[in-house]
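In the numbering used here, the protein residues as written are 6 to 212. This report concerns only the one structure given below.
Given below as structure tokens:
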């Protein structure tokens, strides 16, 4: 799976260089958002949603008035709510119930961006993403890090829809919905595949 994402990012990187030769301009962006994250198993059974937030910076490279190539770097709070954790020790095992799993990532989506509408202020974007795990913990009862139980790289498909509203000559305020569907297994050793999913509502500025 890591080789797959490395290949995807290499291809997308080459595309970025090719598009840069036709660049019509670059927009930089900053934003924050509310996250709702869950995990889903191979039988499509989902956990309860966990709330969090994200903070992002972006670069949007235009090569026409309809198409651009967007790269983001996002601090992303993911995980799921109301789970359980069993900890084995020398004296037996302890199970913690109704715990929230907090998985924090740096997520890097590489997306094609299609701009539409009369003034091209609306946009749709889609493409692969890779998430790099920073830490993994549960909300209460167990204070230790769980990072060693999880794969350090997550990945899947990122997509979104949004609108940009001009507020100054070179500044736009944006509102967007952003989603991620993971295809990589979150756990290193699991009897079944567990994937992460998150949706977010974001606001920010483009310059």
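Just so you know, even glycine gets a beta-carbon here, dropped at the ideal spot from N, CA and C.
Practice item. Please determine if the segment 112 to 129 and the segment 139 to 150 are in contact, where contact requires at least 3 C-beta pairs separated by less than 8 Å. Key: no
Exercise for review: Please list, in chain order, all residues of the same chain as residue 181 whose beta carbon is under 7 Å from its beta carbon, the five residues on each side excluded.
Suggested key: 165, 166, 167 and 207
**Study point:** Residue closest to residue 115, alpha-carbon to alpha-carbon, out of 65, 145, 192 and 170
**Key:** 65
**Study point:** Close beta carbons around residue 47, own chain, < 7 Å, minus the five adjacent residues each side
**Key:** 197 and 198
Review point. For residue 49, which of 172, 193, 204 and 188 has the nearest alpha-carbon?
Key: 188
Check your understanding: For residue 10, does the count of other Cβ atoms within 10 angstroms reach 16, so buried, or fall short, so exposed?
Key -> Here residue 10 scores only 49 on pLDDT, less than 50, and its place in the model is too uncertain to base an answer on.
**Study point:** Option nearest residue 34 by Cα separation, candidates 79, 200, 160 and 204
**Key:** 79
Exercise for review: For residue 44, I'd like the list of residues in its chain whose CB is within less than 6 Å of its CB, leaving aside the five on either flank, ordered along the chain.
Suggested key: 52, 85, 199 and 201
Practice item. With distances taken Cα to Cα, identify the nearest neighbour of residue 135 among 72, 123, 160 and 58. Key: 160
Exercise for review: Could you name the residues of the same chain whose beta carbon sits closer than 6 Å to that of residue 112, not counting the 5 residues immediately before and after it, in chain order?
Suggested key: 79, 81, 134 and 136
Check your understanding: Is it right to say residue 56 is buried, meaning 16 or more other beta carbons lie within 10 angstroms of its own, or is it exposed?
Key -> exposed
Review point. Is residue 30 buried or exposed, if buried means 16 or more other CB atoms sit within 10 Å of its CB?
Key: exposed
Review point. Excluding sequence positions up to five away, which residues of its chain have a Cβ less than 8 Å from the Cβ of residue 54?
Key: 41, 42, 43, 85 and 86
Point to revise | Cβ separation of residue 83 and residue 63, assumed to be a contact under 8 Å, to the nearest whole Å | key: That belief does not hold up - the Cβ atoms of residue 83 and residue 63 are roughly 19 Å apart, past 8 Å.
Practice item. Let me know if residue 175 comes out buried or exposed under the rule of 16 or more other beta-carbons within 10 Å of its beta-carbon. Key: exposed
Practice item. Kindly indicate which three-state DSSP category residue 170 falls into: helix, strand or coil? Key: strand
Exercise for review: Please list, in chain order, all residues of the same chain as residue 104 whose beta carbon is under 7 Å from its beta carbon, the five residues on each side excluded.
Suggested key: 88, 89, 90, 143, 144, 145 and 146
Exercise for review: Within the same chain, show all residues whose beta-carbon is closer than 8 Å to that of residue 192, passing over the 5 residues directly before and after it, in chain order.
Suggested key: 154, 155, 156 and 199
Practice item. Compare the C-alpha of residue 210 against each of 204, 183, 173 and 162 and name the closest. Key: 173
Review point. Ends of the beta strand (DSSP E) at residue 195?
Key: Segment: none, residue 195 is in no beta strand (DSSP E) and carries neither H nor E.
Point to revise | Terminal residues of the beta strand (DSSP E) in which residue 177 lies | key: 176 to 187
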